[in-house]
Each structure stands twice: as C-alpha cells, then as structure tokens.
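First residue of the sequence shown? That's 1365 in this note's numbering, and the numbers climb one at a time after it.
A quick write-up on the structure given underneath.
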Amino acid sequence: MLGLLITLLVLALVMIGLLWRARRQSGLAEVLTDDLVQILQAQERLEQVWRTELGQGNAQLRAEIQQSQQIFRQEILHANEQFRSAVARDATMARTEINEGLERFAGGFAQRLDSLVQANERRMQDLRDTVDKRLQLLQQDNAQRLDQMQRTVDEKLHATLEQRLGESFRQVSDRLEAVHKGLGEMQALAIGVGDLKRVLTNVKTRGTWGEVQLMRLIEDVLTPDQYATNVKTVPGSDAMVEVAIRLPGKSLDDQPVWLPIDAKFPKEEYERLQDAQDRSDKQAVQIAATALGRAIEAQARLIAQKYLAPPHTTDFGVMFLASESLYAEALRLPGLLDRLQSLRINVAGPANLGALLSSLQMGFKTLAIEQRSSEVWQTLRAVKTEFGKFGQALADVRKSLESASNRIGQTETRTRVMLRTLKHVEGGEEIEDSGVGESDSVLKAAAPSDDFSRTPDRH
C-alpha cells in the first residue's frame, strides 16, 4: 500500500514537470500529448492494481482480525481455566489448613480436658482422703464415747445392783434376826405387813409409789433438760402426764415434741391372779388373767386418749408397770401386746424402761455428734461449687467450638460466592465481534472479588 502511494506521487510529479516543460517548449505539444496519454493509461493501470491489492489487503486484514479474536478467546478461556484451577487449589489448601487448625485445636482441647479431668480426680481423691480421715476420727471419737458411756452405764448398773442387793441382804438379815428374837417380833412384823397392805390398797398412794420409782429411773439416765414432769401434752386440755421426755426437734407451732410416760399398777387384779396361782386354780387363774388384761388395756386406752396428740407428741406412749412380776404377767397374756400396739401404747417394766431410756440418751448424743459434723457438709458444698466452675469452663469451651463452626460456615459461604462469580466468567464464551469495550467488561467480570483478593498467594 505504501509503495503504491509513493509511485502515484512520483507519477504526479512527473506530469507536473512535463506540463511545465510543455509551456516552455510548445513545439513538443504533440509529443507531450502522447506521453500524457500514456501516463494516464499507466495511472489507470496503477489504480486498478491498487484497488486489487487494497481488496486483498482488506481480506487479509479481516482474516488477521478474526484470527486475533480467536486467539484472544482461547487466551481468555485458558486464563479462566488457570483461574479456576488456582481457585480450586486455594480452596483445597484453605480446607487443609482449616482441618489442620481444627485438629490442632481438638488436640489442645483434649489435652486441656484431660488435664482438667486429672486435676478434678486429684481434687476428688484429696477430698475423699480428707473425708475418710475425718470420718475415721469421728468413728474413733464415737467408739471412745460409746465405750465410755457403756462403762459408765455398766458402772452405774453394777453399783445400783450391788447397792440394792446389799440393801436386800441387810433387810433379810435384819428380818431374820428379828424372827429369831421371838414371837413378839413376828407379831410386830405381821402388823407392819398389814399396814403396808392397807397403804397399797389406797389408789393414790399406789400411784405415788409407781411415780417415785419411775422418777428414780429417769433421773438416773436422763439430764433435767431432757424431760419434764406434770406436762400438758395436749393443747387445750388440762390432763397432765406424770413424766414426758423432750425429744429433739420442733412441732409445727415451734413447741417441743413430747414422749408421754405414765405409771400404772392394777394391784387388785394382780393380787387376785397371784392368789389363784397359789391355789393352783386353773379356771380362777384364767379369769383373773383376763381381768388383769382388761384393766391394763383400759389404762392404755386412757393414756392414749388423754396424753397423745401428734404432732405435739409422739404417735405412741409408754405405760410403766412398777413391778417386774406385773410386767411379766402382762407379757404372758396372749394378744395383750398386740391390742396395746393398736392403741399406740408400749408397756415397759423397770428393767426394759431403763434400756429404753439409755437408748434415747444414746440417740441424743448421736444427734449432737451429727450436728457437729457440719464441717463435712461445708466440704461437700465446696466440692459442689468446684463442679459448678468446671461446668462453666465446659460451657466456655462449647462456645469456642460453636464460634469456630460459625467461621467455617462463613468460609463456605464465601466459597459459594466465588463459585457464582466463576459461573459469570463462563458466560464470556458468548463474546462476538463487539470490540474492545465488551472484552473489557468480560475481564472486569472475571476479576476476583475483594474477599478473594485478600487471600495470600501461595504459588
């Protein structure tokens, strides 16, 4: 193209020169005319050649442009493939790093949890050792106190038994001496026995004798603050029980809970039974025993009605029989104890009432020991507090795991956003002969997002 233009320019200059020369040499007009015709013909041929070459150049230029566009598309597709491969590699590496981070976190968490469990086990072991030591000390103290109480009770029982046996032997000896003194002394003794019988015939005197014996037993075992005499156990009632034991604990109206004990001695029925047994009269013995059982049952019903009022009192009472022989006859009567149990009354003689009072005293002391064991409960409350702190630590760890899970979810969301962007990039295959502006829009659509551009280059 450039050479053809230069040739045309040269021919034009030649024509101008020839015209100028023709003016100077008019005689050569014919020659110049021929030359000019030849030049014009040559110019036409050159123009035809120029048009032909120009058409060929345009066709070649179109082919080159199409080839360039095809190459450009291929390069864009290749760049897209490389971009997608790079994104896939980056995502794979990100997942790998996240998995490694989670594994490291899980390993650290497991180690920390193991250390917490071991520390907790050590604390529990120390706590168990401390509790065991204190329980052993309490058991040793209790054993020592029980031994001491047992020795005290044995000593008191032994001393009381020796004292009573000594008194009995002295009385027997004195009376035997009185018998050996003569008939006069025997008559005086018979008069004394008659006087005693008349005294016991009086119900009030007989009841006083039973109360005195009951008070002696209670005073020997219990402390003054553990019992009371002439107590109104039923609110709103004037009936007073002879002795009531104050049990530990309070009732609903903040009053002490009482265990009523009343002394009874059905002397007439008991003497008729003894007389029938002395005569070996089986029928009379059966009748007297039945009458004695009815008398004891009537007294038990009276005690239950007058002195029992739960929760101000216990749901049972105690009827004290002042004689061991009377108590033995009551035990011998068939079905009597069951009927008394149905009336919520327990029968006690001098011996087993002492045992009952001793067991109550033992219970009072055991309760005092239990009340002093509050240190153990304080230790257990401290353990409960430590377990609460341990649970809070586990809750914090659970929150950390949930936060890590939320971050992984955000990473997956960004991955989905990048995949949607790549789908827009794949739409660039529809580019036609629309110029450079459309290519620029495709390149802008294929550009990575701000979130992805912040990802460090690992290649």
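Quick reminder that beta carbons are idealized off the backbone N, C-alpha and C, glycines included.
Could you check whether residue j and residue i sit closer than 8 Å to each other, using their CB atoms as the reference points?
i: residue 1707; j: residue 1664; result: yes
i: residue 1606; j: residue 1593; result: yes
i: residue 1661; j: residue 1700; result: yes
i: residue 1721; j: residue 1582; result: yes
i: residue 1621; j: residue 1637; result: no
i: residue 1458; j: residue 1775; result: yes
i: residue 1728; j: residue 1588; result: no
i: residue 1375; j: residue 1403; result: yes
i: residue 1839; j: residue 1697; result: Nothing can be reported for residue 1839: it is not among the residues displayed for the chain, which extend from 1365 to 1823.
i: residue 1462; j: residue 1772; result: yes
i: residue 1676; j: residue 1619; result: yes
i: residue 1371; j: residue 1418; result: no
i: residue 1651; j: residue 1709; result: no
i: residue 1786; j: residue 1448; result: yes
Between which two residues does the alpha helix (DSSP H) holding residue i run?
i: residue 1657; result: 1646-1671
i: residue 1626; result: Looking at the DSSP string, residue 1626 is not in any alpha helix (DSSP H); the run it does join, the beta strand (DSSP E), is 1620-1628.
i: residue 1640; result: 1631-1643
i: residue 1702; result: 1700-1706
Residue i to residue j, Cα distance in whole Å?
i: residue 1524; j: residue 1494; result: 44 Å
i: residue 1497; j: residue 1505; result: 12 Å
i: residue 1705; j: residue 1694; result: 13 Å
i: residue 1586; j: residue 1725; result: 7 Å
i: residue 1608; j: residue 1756; result: 54 Å
i: residue 1767; j: residue 1465; result: 14 Å
i: residue 1784; j: residue 1436; result: 24 Å
i: residue 1380; j: residue 1416; result: 27 Å
i: residue 1584; j: residue 1516; result: 11 Å
i: residue 1595; j: residue 1530; result: 36 Å
i: residue 1420; j: residue 1439; result: 28 Å
i: residue 1770; j: residue 1777; result: 11 Å
i: residue 1445; j: residue 1451; result: 10 Å
i: residue 1442; j: residue 1424; result: 26 Å
i: residue 1643; j: residue 1539; result: 27 Å
i: residue 1527; j: residue 1487; result: 58 Å
i: residue 1510; j: residue 1522; result: 18 Å
i: residue 1491; j: residue 1484; result: 10 Å
i: residue 1467; j: residue 1489; result: 32 Å
i: residue 1711; j: residue 1532; result: 27 Å
i: residue 1512; j: residue 1610; result: 24 Å
i: residue 1426; j: residue 1432; result: 10 Å
i: residue 1646; j: residue 1631; result: 20 Å
Tell me the residue span of the beta strand (DSSP E) that contains residue i.
i: residue 1695; result: Careful: residue 1695 lies outside any beta strand (DSSP E), inside the alpha helix (DSSP H) at 1688-1696.
i: residue 1712; result: 1709-1712
i: residue 1685; result: 1681-1685
i: residue 1593; result: 1591-1595
Of all the options the options, which has the alpha carbon lying nearest to the alpha carbon of residue i?
i: residue 1689; options: 1715, 1672 and 1679; result: 1715
i: residue 1672; options: 1644, 1729, 1695 and 1600; result: 1600
i: residue 1602; options: 1669, 1645 and 1590; result: 1669
i: residue 1503; options: 1455, 1730, 1766 and 1491; result: 1730
i: residue 1633; options: 1527, 1460 and 1657; result: 1657
i: residue 1575; options: 1426, 1687 and 1454; result: 1687
i: residue 1764; options: 1507, 1473, 1778 and 1529; result: 1473
i: residue 1781; options: 1455, 1424, 1407 and 1476; result: 1455
i: residue 1476; options: 1779, 1760, 1443 and 1512; result: 1760
i: residue 1692; options: 1579, 1534 and 1713; result: 1713
Flag residue i as yes if its beta-carbon sits less than 8 Å from any beta-carbon of chain D, otherwise no.
i: residue 1413; result: Considering every chain present, this structure includes no chain D. It has just one protein chain.
Using a Cβ distance threshold of 8 Å, determine whether the region 1678-1685 contacts the region 1621-1630, with at least three qualifying pairs required. yes
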